[in-house]
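Trainee:
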Amino acid sequence: MNGTRYKTKQREELLDYLKTLRGTHVTAGELSEHFRTCENPIGKATVYRTLEQFVEEGIVYKYIIDAGNSACYEYVPEEEHDHHGTCFHCKCEVCGQLFHMHSAELEKMQKELNSRYHFAVDPRRTVFYGICGSCTDRGGVR
0 MNGTRYKTKQ
10 REELLDYLKT
20 LRGTHVTAGE
30 LSEHFRTCEN
40 PIGKATVYRT
50 LEQFVEEGIV
60 YKYIIDAGNS
70 ACYEYVPEEE
80 HDHHGTCFHC
90 KCEVCGQLFH
100 MHSAELEKMQ
110 KELNSRYHFA
120 VDPRRTVFYG
130 ICGSCTDRGG
140 VR
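0 is the number of the first residue of the sequence shown in numbering that gives the first Met the number 0; add one for each residue after it.
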């Protein structure tokens, strides 16, 4: 196929839907469920295959947060790829919410780990676990 992708209707529909979820993490299963109920359903295998193509093309980021759980995908517009900065993740242990955290201090620590210990941290796989503000407000403190 010479590295070019066919622009199928299903591919375009999946990409258009991901664009509406900008900044949100979603699993392939959640996407499959959404498209199962649409006028023109997209099969589960097509969703998985197309997501992997998007990851290869840099259209979508793939995060594997917890061993044994489904991977999460996030659409990131091209203009944000280089300007997005280093992004770490926080995951609420009560509600499961996953959100991005940008921090100059963590970027500094990442650089120090690399220069001092020759250890390269992968921020896309670095997750801080705790309890989000909403769950704390509802009494979800451990």
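For glycine and all other residues, C-beta sits at the position ideal for the given N, C-alpha and C.
Is it buried or exposed for Tyr72, if we count other Cβ within 10 angstroms and need 16 for buried?
Mentor: On the sequence shown, position 73 is the one that residue 72 refers to. It counts as buried.
Trainee: Identify whether Cys91 lies in helix, strand or coil by the three-state DSSP scheme.
Mentor: The count along the sequence shown starts at 1 and reaches residue 91 at position 92. Here Cys91 sits in strand by DSSP.
Trainee: Is the separation between the beta-carbon of Tyr74 and that of Val54 shorter than 8 Å?
Mentor: Indexing the sequence shown from 1 puts residue 74 at position 75. Indexing the sequence shown from 1 puts residue 54 at position 55. Result no, Cβ atoms of Tyr74 and Val54 do not sit closer than 8 Å.
Trainee: Considering Cα atoms alone, identify which of Pro76, Ser133, Thr36 and Lys107 is closest to Thr23.
Mentor: Within the sequence shown, the letter at position 24 stands for residue 23. Answer by Cα proximity: Pro76.
Trainee: Okay, do the segment 60–70 and the segment 33–48 touch, 3+ Cβ pairs below 8 Å being the bar?
Mentor: These segments do not touch.
Trainee: Use the C-beta contact count for Ala119: other C-beta atoms within 10 angstroms, 16 or more gives buried, fewer gives exposed.
Mentor: Locating residue 119 in the sequence shown gives position 120, where the first residue counts as 1. Exposed: under 16 other Cβ atoms inside 10 Å.
Trainee: On the DSSP letters alone, give me the boundaries of the beta strand (DSSP E) that Lys43 sits inside.
Mentor: Residue numbering aside, residue 43 sits at position 44 when the sequence shown is read from its first letter. First-last for Lys43: Lys43 to Glu56, but that is the alpha helix (DSSP H), not the beta strand (DSSP E).
Trainee: Check Leu97 in the structure and name its three-state DSSP category.
Mentor: Position 98 of the sequence shown, counted from the start, is the residue given in the question as residue 97. Here Leu97 sits in strand by DSSP.
Trainee: Taking Pro122 and Phe87 to be in contact with their CB atoms under 8 Å, please state how far apart those CB atoms are, rounded to whole angstroms.
Mentor: Looking up residue 122 in the sequence shown gives position 123. Looking up residue 87 in the sequence shown gives position 88. Between Phe87 and Pro122 the Cβ distance is about 5 Å, and since that is below 8 Å, they are a contact.
Trainee: Out of curiosity, what's the CA-to-CA distance linking Gln52 and Met108?
Mentor: Residue numbering aside, residue 52 sits at position 53 when the sequence shown is read from its first letter. Residue numbering aside, residue 108 sits at position 109 when the sequence shown is read from its first letter. Roughly 33 Å separates the two Cα atoms.
Trainee: Considering only the beta carbon of each residue, do Cys134 and Cys89 sit closer than 8 Å?
Mentor: For this step, residue 134 is matched to residue 135 along the sequence shown. For this step, residue 89 is matched to residue 90 along the sequence shown. Cβ atoms of Cys134 and Cys89: not closer than 8 Å.
Trainee: Which residues in the same chain as Lys18 place their Cβ atom closer than 7 Å to its Cβ, once the five residues preceding and following it in sequence are excluded?
Mentor: Counting from one through the sequence shown, the residue named residue 18 turns up at place 19. The residues are Tyr74.
Trainee: Among residues of its own chain, excluding the 5 on either side of Tyr116, which ones have a beta-carbon nearer than 7 Å to its beta-carbon?
Mentor: Translated into the one-based positions of the sequence shown, residue 116 becomes position 117. Once the five neighbours on either side are set aside, Tyr116 has no close Cβ partner at all.
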